[in-house]
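Following this note's numbering, the numbering of the first sequence begins with 467 at its first residue and continues without gaps.
In this text, a Cβ means the ideal position worked out from N, Cα and C, and glycines have one as well.
Notes follow the structure.
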Amino acid sequence: MGKGRAACCDKTKVKKGPWTTHEDLKLISFIQKHGHANWRALPKQAGLLRCGKSCRLRWINYLRPDVKRGNFTPQEEDTIINLHRSFGNRWSKIASHLPGRTDNEIKNVWNTHLKKRLVVMKKEEYNSSSSSTSTSSHEGQYMDSSSTTFSPTSSKANDQVIDFWEYMLDTSSTPTSINNLDSYSKMATISTTSEHHPQLADEYECQKWLTYLEIELGLTTNNQQE
DNA sequence: AACTACATCAACCGCCCCCGC
DNA sequence: GGCGGGGGCGGTTGATGTAGT
Numbered sequence: 467m468g469k470g471r472a473a474c475c476d477k478t479k480v481k482k483g484p485w486t487t488h489e490d491l492k493l494i495s496f497i498q499k500h501g502h503a504n505w506r507a508l509p510k511q512a513g514l515l516r517c518g519k520s521c522r523l524r525w526i527n528y529l530r531p532d533v534k535r536g537n538f539t540p541q542e543e544d545t546i547i548n549l550h551r552s553f554g555n556r557w558s559k560i561a562s563h564l565p566g567r568t569d570n571e572i573k574n575v576w577n578t579h580l581k582k583r584l585v586v587m588k589k590e591e592y593n594s595s596s597s598s599t600s601t602s603s604h605e606g607q608y609m610d611s612s613s614t615t616f617s618p619t620s621s622k623a624n625d626q627v628i629d630f631w632e633y634m635l636d637t638s639s640t641p642t643s644i645n646n647l648d649s650y651s652k653m654a655t656i657s658t659t660s661e662h663h664p665q666l667a668d669e670y671e672c673q674k675w676l677t678y679l680e681i682e683l684g685l686t687t688n689n690q691q692e
């Protein structure tokens, strides 16, 4: 072998960019059946033209059943701030203290919301400390300092997922066409099911749904479809 | 209504660590 | 002990959405 390390995959033969619903479903279906012992080999086995790392990231950050999506609560944000004081930018470490939250999500929230908020807080602390002496706790300051900026947009995607499952429940759990999925491109979070519709967390229901998807996608007969 | 600036977040990149050989 | 491969992690980017003018 020459200098450096081999690329994790052949970059010319893998697809990049946003994941499609079909890819998501293929990945979910494969992992449900076979697990993810070997990420490098997984794309090929699952019939995906993706890099193993990309699959892993997609699964961990988006498709994993226990991933929690939607708004961060003030408590969670407070926790992140506190943990960041201890761990710095060790996002995975911070994520391990926040069940259902991913390092990527926390990193994004930190970079987009919390960093700015901290600046505001520090300013306020500085200002109030110059006029009075008590500024130790920042609890309750969040919404005051920048309440207009804290409405995470991910709630929209979450709404779509909820809509999707409401649809599924209303139509006795099987859409008439796979095309229905297109308008719910982010439905892949089977995860949220258990949160909003506990009955669908039932393994049997999940399995039923996956089986249906596999048939619709042709995964049961031909892995190379698409 | 059109354009611009800003915010958000999914995904990629590349480095590092760990483990098996 | 050294090497290579795979997985994990943190930084960064680019596409998309939204607010402001």
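Reference residue i; option with closest CA among the options
| i | options | result |
| --- | --- | --- |
| R530 | R583, K519, Q498 | Q498 |
| G536 | H550, A503, E571 | E571 |
| T721 | F538, L549, E591 | There is simply no residue 721 to check, as the chain begins at 467 and stops at 692 in what is shown. |
| L493 | L580, K581, G483, L523 | L523 |
| G483 | T545, K519, R506 | K519 |
| K573 | V480, I546, K479, P540 | I546 |
| E543 | S552, R583, K481 | R583 |
| D490 | W525, K479, G501, K481 | W525 |
| P540 | W576, S552, K559 | W576 |
With 16 other Cβ atoms within 10 Å as the buried cut-off, status of residue i
| i | result |
| --- | --- |
| P509 | buried |
| V585 | exposed |
| A561 | buried |
| K581 | exposed |
| I681 | Any answer about I681 is weak, because its pLDDT of 49 lies below 50 and its placement is not dependable; what the coordinates show is given next. Exposed. |
Straight-line Cα distance separating residue j from residue i
| i | j | result |
| --- | --- | --- |
| A512 | N555 | 34 Å |
| R725 | A503 | No statement about residue 725 is possible, as the shown extent of the chain runs from 467 to 692 and does not include it. |
| V533 | S495 | 17 Å |
| L549 | N593 | 25 Å |
| C475 | R506 | 8 Å |
| L514 | G566 | 26 Å |
| H488 | N527 | 17 Å |
| C521 | E590 | 43 Å |
| L647 | K479 | Residue confidence for L647 is low, a pLDDT of 38 falling below 50, so the modelled location carries little weight; the figure read from the coordinates is stated next. For L647 and K479, the distance between alpha carbons rounds to 27 Å. |
| T568 | S558 | 7 Å |
Cβ-heavy atom distance, residue i to the ligand GTP, below 8 Å
| i | result |
| --- | --- |
| S552 | This structure lacks the ligand GTP, and indeed carries no ligand of any kind. |
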